[in-house]
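Here our numbering runs 1214 ahead of the position in the sequence shown, where the first position is 1. Glycine is no exception: its CB is placed at the ideal position from the N, C-alpha and C atoms. Remember, predicted model here, so these are calculated numbers, not experimental data.
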Amino acid sequence: MPLERCLGQVIIGRWRNLAIVEIRWHARGGQGAVTAAKLLAEMALQQDLYFQAFPEYGPERMGAPIQCFNRLSTEPINIYCSVDNPHLVVVVDPSLLGAVDFAAGLVPDGSVLVNTGEDLGHLQQRFDLAGRKVYAVNASGISLETVGRAMPNTPILGALVKILGLIPLEKAAAYLHDYFNEHFNADLAAKNVQAFERAYGEVRSA
């Protein structure tokens, strides 16, 4: 759905001089994408940004393709439809690259962030992403090496925070630590912060 058909008005944000930053996530159920989208929103709140974070309606089955969405702005957001024309697409599971139309509706100068170690130029050619900025980070590999399991949501969130440039690394990492420490334990908090910071530093672009 184009923005002009959504409810409300778009307002001035700070990323790439856009009116509003709209993000669409593609993942599989159980990979933590919905949690990552909510964490991004809560980090944005710490920066006095307005936000939305919500999943696609419908049951989330383990392993099934899912979508979730973010909007970020410096003013109240009066848009209540799904994100169909994103400025940035996040692909959490690389197996979805050939299974879903992840670039559907992406604005002409939009960006794509993919969890992959694949060559970026090959990725652009394979999926006809000419004119779009493509970012990649091996989020699954980072997660295995730091957390001990393939849970790519925290590393991909680190890469996304780097790309957006709206939330300082130290503040985002501090919030992430507090979240995992409160909901899990200190060891898992430290490992997830390590994964987040590694991905922040290792994200590649083309």
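Once DSSP output is grouped into helix, strand and coil, what is the label at residue i?
{"i": "residue 1301", "result": "coil"}
{"i": "residue 1292", "result": "coil"}
{"i": "residue 1226", "result": "Its pLDDT being 32, under 50, residue 1226 is placed unreliably in this model, and the coordinates cannot settle the point."}
{"i": "residue 1261", "result": "coil"}
{"i": "residue 1234", "result": "coil"}
{"i": "residue 1217", "result": "Note that residue 1217 has pLDDT 33, beneath the 50 cutoff, so the model's placement of it is unreliable and the number below is only indicative. Reduced to three states, the DSSP call for residue 1217 is helix."}
{"i": "residue 1242", "result": "strand"}
{"i": "residue 1421", "result": "Outside the shown range of the chain, which is 1215 to 1420, sits residue 1421, and nothing can be said about it."}
{"i": "residue 1419", "result": "strand"}
{"i": "residue 1267", "result": "strand"}
{"i": "residue 1375", "result": "helix"}
{"i": "residue 1306", "result": "coil"}
{"i": "residue 1350", "result": "strand"}
From which residue to which residue does the alpha helix (DSSP H) around residue i run?
{"i": "residue 1321", "result": "Looking at the DSSP string, residue 1321 is not in any alpha helix (DSSP H), and its letter there is neither H nor E."}
{"i": "residue 1354", "result": "1353-1360"}
{"i": "residue 1406", "result": "1400-1416"}
{"i": "residue 1390", "result": "1383-1397"}
{"i": "residue 1340", "result": "1334-1340"}
Which whole-angstrom value describes the C-beta separation of residue i and residue j, a residue pair presumed to lie in contact below a C-beta threshold of 8 Å?
{"i": "residue 1367", "j": "residue 1306", "result": "7 Å"}
{"i": "residue 1300", "j": "residue 1238", "result": "4 Å"}
{"i": "residue 1388", "j": "residue 1395", "result": "Rounded, the Cβ-Cβ distance is 11 Å, inconsistent with contact."}
Ends of the beta strand (DSSP E) at residue i?
{"i": "residue 1279", "result": "1279-1287"}
{"i": "residue 1314", "result": "From DSSP, residue 1314 is part of no beta strand (DSSP E); its letter is neither H nor E."}
{"i": "residue 1327", "result": "1325-1329"}
Does residue i pass the burial test, meaning 16 or more other C-beta atoms within 10 Å, or should it be called exposed?
{"i": "residue 1316", "result": "buried"}
{"i": "residue 1260", "result": "exposed"}
{"i": "residue 1276", "result": "exposed"}
{"i": "residue 1364", "result": "exposed"}
{"i": "residue 1349", "result": "buried"}
{"i": "residue 1406", "result": "buried"}
{"i": "residue 1284", "result": "buried"}
{"i": "residue 1246", "result": "buried"}
{"i": "residue 1372", "result": "buried"}
{"i": "residue 1240", "result": "buried"}
_Segment contact flag, the region 1336-1346 with the region 1404-1418, C-beta cutoff 8 Å, min 3 pairs_ = no
*Any chance the region 1383-1391 sits against the region 1318-1338, with 3 or more Cβ pairs inside 8 Å?*
no
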